[in-house]
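Here's the structure, in structure tokens; my notes come after.
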Amino acid sequence: MITSAQLRAARAMLGIDQKDLAELSGVSIATIQRMESSEGNVRGVVESLTRVVEALNRAGIELLDENQRSERGGRGVRLKVQDVHLMMPENSLAPGSQSSVVN
């Protein structure tokens, strides 16, 4: 399963926007927006989710489950703190909040 935060981070690592990911995966931009605005694990049509994950994989993204080790070596990024909004300044928005827009 992929989380909305992982999805946004994967896009950022690739330097692509929601439109690019929609094109790479063959799903609509609205579907990407819904996935990214989910709380926690992305929910939706399994086929759409599978297409997005496969597109990220083809683009070079390795998605790690919680507590999963990366056996391939190399550098990587993993969120250490589960509650991201605790690290954010008071006047900024947490990723995925209702009033923020990610493109």
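When we follow my numbering, the leftmost residue of the sequence shown carries the number 995, and every step to the right adds one. Just so it is clear, CB atoms sit at the ideal spot from N, CA and C, and this is done for glycine as well.
Straight-line Cα distance separating Q1000 from L1057: On the sequence shown, position 63 is the one that residue 1057 refers to. On the sequence shown, position 6 is the one that residue 1000 refers to. C-alpha separation (whole angstroms): 8 angstroms.
Within 8 angstroms, strictly: CB atoms of R1037 and V1021: Taking the sequence shown and counting its residues from 1, one reaches residue 1037 at position 43. Taking the sequence shown and counting its residues from 1, one reaches residue 1021 at position 27. Taking 8 angstroms as the Cβ cut-off, R1037 and V1021 do not qualify as a contacting pair.
Inter-residue spacing [alpha-carbon to alpha-carbon] between M948 and D1059: Only positions 995 to 1097 of the chain appear in the structure, and residue 948 is not among them; the question remains open.
T997: first and last residue of the uninterrupted alpha helix (DSSP H) it sits in: Here residue 997 corresponds to residue number 3 of the sequence shown, with the count starting at 1. Element bounds for T997: n/a, residue is neither H nor E.
C-alpha gap between E1065 and R1028, whole angstroms: As a position in the sequence shown, residue 1065 is number 71, starting the count at 1. As a position in the sequence shown, residue 1028 is number 34, starting the count at 1. Those two C-alpha atoms are separated by around 32 angstroms.
Inter-residue spacing [alpha-carbon to alpha-carbon] between Q1012 and R1063: Numbered from its first residue, the sequence shown carries residue 1012 at position 18. Numbered from its first residue, the sequence shown carries residue 1063 at position 69. Cα-Cα distance, rounded: 28 angstroms.
Identity of the residues DSSP links to N1035 by a beta bridge: Counted from its first residue, the sequence shown places residue 1035 at position 41. In DSSP, N1035 forms a bridge with T997.
The alpha helix (DSSP H) enclosing I1023, as first and last residue numbers: To locate residue 1023, count along the sequence shown from 1; it is residue 29. Unbroken alpha helix (DSSP H) run through I1023: 1023-1030.
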